[in-house]
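Q: 103 is the number of the first residue of the sequence shown in this note's numbering; add one for each residue after it.
Glycine included, each C-beta is placed from N, C-alpha and C at the ideal position.
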Amino acid sequence: MNIVTRLADMGIELPPAAAPVASYVPVVVQGNLAFVSGQLPFIGGKLVTGKLGSDLGTERGVQAARACGLMILAQLEAADLLDRVARVVKLGGFVACTPDFTDQPKVANGASDLMVEVFGDAGKHARSAVGVPVLPLNAAVEVDAIVALKG
103 MNIVTRLADM
113 GIELPPAAAP
123 VASYVPVVVQ
133 GNLAFVSGQL
143 PFIGGKLVTG
153 KLGSDLGTER
163 GVQAARACGL
173 MILAQLEAAD
183 LLDRVARVVK
193 LGGFVACTPD
203 FTDQPKVANG
213 ASDLMVEVFG
223 DAGKHARSAV
233 GVPVLPLNAA
243 VEVDAIVALK
253 G
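1. Tell me whether E161 is buried or exposed, calling it buried when 16 or more other Cβ atoms sit within 10 Å of its Cβ.
2. Report the residue from T200, F203 and H227 whose alpha carbon sits nearest the alpha carbon of G171.
3. Quick one, are the C-beta atoms of Y148 and C199 less than 7 Å apart?
4. Under a three-way DSSP split, which group does S156 fall into?
5. With I105 as the anchor, note down where its alpha helix (DSSP H) starts and where it stops.
6. To which residues of the same chain is E211 closer than 8 Å at the C-beta, ignoring the five residues directly before and after it?
7. Determine the direct distance from the alpha carbon of P128 to that of K252, and round the result to whole angstroms.
8. Look at the alpha carbon of S230 and the alpha carbon of V243, and state the distance between them as a whole number of angstroms.
9. When we look at the beta-carbon of Q132 and count the other beta-carbons within 10 Å, is it buried (16 or more) or exposed?
10. Find the nearest neighbour of V150 within the set V197, K192, M217 and D205, judged by alpha-carbon distance.
11. Could you tell me the boundaries of the alpha helix (DSSP H) in which G215 lies?
12. Who are the near neighbours of P117 in its chain, counting only those whose CB is closer than 7 Å to its CB and skipping five residues on each side?
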């Protein structure tokens, strides 16, 4: 079963792939690896903004990270790579937060859990989850990815 069909069976609809907001491309393929640029969280077509620990709670952060994961999948789909995913190698999670917020790993689980949900064992990956003072466009979360491709 291809991934697009699997997503449909799971009731998951991918958002339109977002256009770059600066001087970069969404996906670069080098060898058998696809590097997906940092993706921002759009829920219902609206960017999730603010800081975790002051403006947003952890659960909203988890939802935002999942939305970033959906956008990663959308970028892979737009690059005609989604059905070539052999393994999600690494995710990088960036969480805009207050200095005392320490639930970055819980927030990043929103994207991580999505990858396992979609790809099974091939969705298990290495990861970083870090707190930052601000993200582009005041986004609450940003997630990038490195994905291994089949043939």
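A: In brief:
1. exposed
2. H227
3. Going by the sequence as given, residue 148 is Lys instead of Tyr. The answer is no: Cβ separation not under 7 Å.
4. coil
5. I105 to D111
6. Before going further, note that residue 211 is Asn rather than Glu in the sequence given. V164 and A167, listed in sequence order.
7. 19 Å
8. 13 Å
9. exposed
10. V197
11. One point to set straight first is that residue 215 is Asp, not Gly, in the sequence displayed. Counting along the chain, the alpha helix (DSSP H) containing D215 begins and ends at Q206 to F221.
12. F144, L172, M173 and A176
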